[in-house]
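A short worksheet on the structure shown next.
Numbering (my numbering), first residue to last: 441 to 767.
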């Protein structure tokens, strides 16, 4: 399948590298609003075509699928153009600003007989699949702690008075939607939709959340998610049960996982070596769904995206964190 990209950031380069290693996607075209950036990025990755006009790129019938990795607030408009042009879309997380946009986009995808995927790499890795298989060992789950705190390279600019996209409500930024979605997808993929949610953010000068604690209530246990773009953490994530504990090194990657038994205190590493560029796994999964027309698996992924976006939207509304797309 021929791939086109929207965006010229490091994550787009990483996606192109993953496409190359998967062997299932071939880079065809790149788009940037800047003609100079488009040409430079295209040369870097040996693209067949470069564009600074999105509508023109989407007229190219050789393009099968588009990866959207622009600022969050632009995802919806650009994705809709791609879907209307009958292109499959892989949209980088967070997929959209709110549920209204998500409903509109999925309806458009169905109307045009194409697939729309949210790129969230952690739940497609071999180690996540191993976690699903091993989860029963913990017995009755009593608590879950999932963390993703990473001091942002853009925070110093924010402190100096600038407003980088990741810290801007105009661009649908903030800690929860940028980093918190990684542990949140883990929780939803493992445990489903929580009965109740509460979000306690640290709001910055413009009202965006720089840090936050999300509480998910699940029947017999509570899942606590801590996310931050203004501080670092070196703590693992854990799933605590009456039989033992599963320890995860990092919510975004799942490179190292340990099972620790409660009674004899024994521990076993049960993770496997993964590809350095773990985006290859989600690409393989998405392409297989398209080729096999696997609507059952597609609907499962859609449901995960729905639940996660419902939670982040509700969490923001609880704290009057509104994006420009909602005003």
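Glycine included, C-beta positions come from ideal geometry on N, C-alpha and C.
So what does DSSP say about residue i, is it helix, strand or coil?
i: residue 466; result: strand
i: residue 735; result: helix
i: residue 745; result: helix
i: residue 452; result: helix
i: residue 727; result: helix
i: residue 477; result: helix
i: residue 751; result: helix
i: residue 603; result: coil
i: residue 486; result: coil
i: residue 596; result: helix
i: residue 626; result: helix
i: residue 471; result: strand
i: residue 674; result: coil
i: residue 721; result: helix
Based on DSSP bridge pairs, tell me the residues matched to residue i.
i: residue 679; result: 584, 686
i: residue 609; result: According to DSSP, residue 609 bridges with nothing at all.
i: residue 693; result: Residue 693 pairs with nothing; no bridge assigned.
i: residue 418; result: The requested residue 418 is not part of the displayed model; the chain covers only 441 to 767.
i: residue 654; result: 639, 665
i: residue 700; result: 685, 707
i: residue 649; result: 643
i: residue 765; result: According to DSSP, which records beta bridges pairwise, residue 765 is partnered with nothing at all.
i: residue 591; result: Note: residue 591 sits in no beta bridge, so no partner.
Can you list, in chain order, the residues of its chain with a C-beta nearer than 7 Å to that of residue i? Leave out the 5 residues immediately preceding and following it.
i: residue 568; result: 562, 694
i: residue 725; result: 564
i: residue 400; result: Residue 400 cannot be examined here, being either before or after the span of the chain that is shown, 441 to 767.
i: residue 479; result: 490
Closer than 7 Å to a non-hydrogen atom of the ligand MN - does that hold for the CB of residue i?
i: residue 595; result: By its list of ligands, the structure shown contains no ligand whatsoever, and the ligand MN lies outside what it can speak to.
Can you list, in chain order, the residues of its chain whose CB lies under 6 Å from that of residue i, leaving out five sequence neighbours each side?
i: residue 666; result: 587, 653
i: residue 628; result: 744, 747, 748
i: residue 651; result: 615, 642, 668, 670
i: residue 594; result: 604, 606
i: residue 631; result: 658
Excluding the 5 residues preceding and the 5 following residue i in the sequence, name in chain order all residues of the same chain whose CB lies nearer than 8 Å to its CB.
i: residue 495; result: 521
i: residue 620; result: 588, 652, 654, 665, 667, 752
i: residue 566; result: 712, 714, 721
Every unbroken alpha helix (DSSP H) inside the region 503 to 578 [4 residues or more]: 515 to 524, 539 to 551, 566 to 574
Measuring CB atoms only, is the region 482 to 491 touching the region 459 to 470, in the sense that at least three cross pairs come out at less than 8 Å? yes
The region 632 to 652 / the region 674 to 683 touching (three or more Cβ pairs under 8 Å): no
Would you check if there are 3 or more beta carbon pairs closer than 8 Å linking the region 545 to 558 to the region 523 to 536? yes
Say whether the region 706 to 720 touches the region 449 to 469, bearing in mind that this needs 3 or more beta-carbon pairs closer than 8 Å, one atom from each stretch. They touch, by the three-pair rule.
Just checking, does the region 506 to 521 make contact with the region 442 to 453 on the three C-beta pairs under 8 Å criterion? yes
Would you call the region 690 to 710 and the region 580 to 596 touching, i.e. three or more CB-CB distances under 8 Å? yes
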